[in-house]
Amino acid sequence: MSKFPLTTAGVQDLMNELYALPQSELQLEADAIGADFRLWVKNHFELNETQIVYLDGIDERWVNDAAEATKHFLENRLPIEFFKEQGKKSEDGDRGKLLDLDKRSISSFSEEEGYLLSEKLTYTISYPIL
Numbered sequence: 000m001s002k003f004p005l006t007t008a009g010v011q012d013l014m015n016e017l018y019a020l021p022q023s024e025l026q027l028e029a030d031a032i033g034a035d036f037r038l039w040v041k042n043h044f045e046l047n048e049t050q051i052v053y054l055d056g057i058d059e060r061w062v063n064d065a066a067e068a069t070k071h072f073l074e075n076r077l078p079i080e081f082f083k084e085q086g087k088k089s090e091d092g093d094r095g096k097l098l099d100l101d102k103r104s105i106s107s108f109s110e111e112e113g114y115l116l117s118e119k120l121t122y123t124i125s126y127p128i129l
């Protein structure tokens, strides 16, 4: 599998490729991301040295949460979205980065449609306003 740019379009292209796989191959990818999130990201996205250093420094609790959620969403072929603002530098250097992981689960019931469950996972990289 080729590497993709870490952009909204790049992540969508990767998701399309992954979800085109047979379930057994997709499960291998899901298991890999659950076992080592950082390695999976490095193997699937074009990252520069600064991005790799940043990825390696992310709090382990966030990484574990991301690994668990992404594994679940991959193996169940649920929607995963990624949004990334363009990085900007302030006069004093990098403003920092905010990583958000938003897991949504909405369940509903009606007599006509019965029980419905809708889930979505969204990753967002943004920069604080100074």
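In terms of numbering that gives the first Met the number 0, the sequence shown opens at residue 0 and continues consecutively. Beta carbons are placed, not taken as given, at the ideal position from N, Cα and C, and that holds for glycine. Fair warning: this is a prediction, and the values are worked out from it, not measured in the lab.
| Check | Outcome |
| --- | --- |
| Under 8 Å between the Cβ atoms of L100 and D64? | yes |
| State the CB to CB distance for the pair W61 and L98, rounded to an integer number of angstroms; the pair is presumed to be in contact (CB under 8 Å). | 7 Å |
| Assuming S104 is part of the beta strand (DSSP E), what are its boundary residues? | L97 to S109 |
| If we ignore side chains and look at the alpha-carbon of each, how far apart do L25 and T123 end up? | 23 Å |
| Which stretch, first to last residue, makes up the alpha helix (DSSP H) that contains S117? | Here S117 belongs to no alpha helix (DSSP H); instead the beta strand (DSSP E) covers G113 to S125. |
| Can you tell me which of the three DSSP states I32 falls into? | helix |
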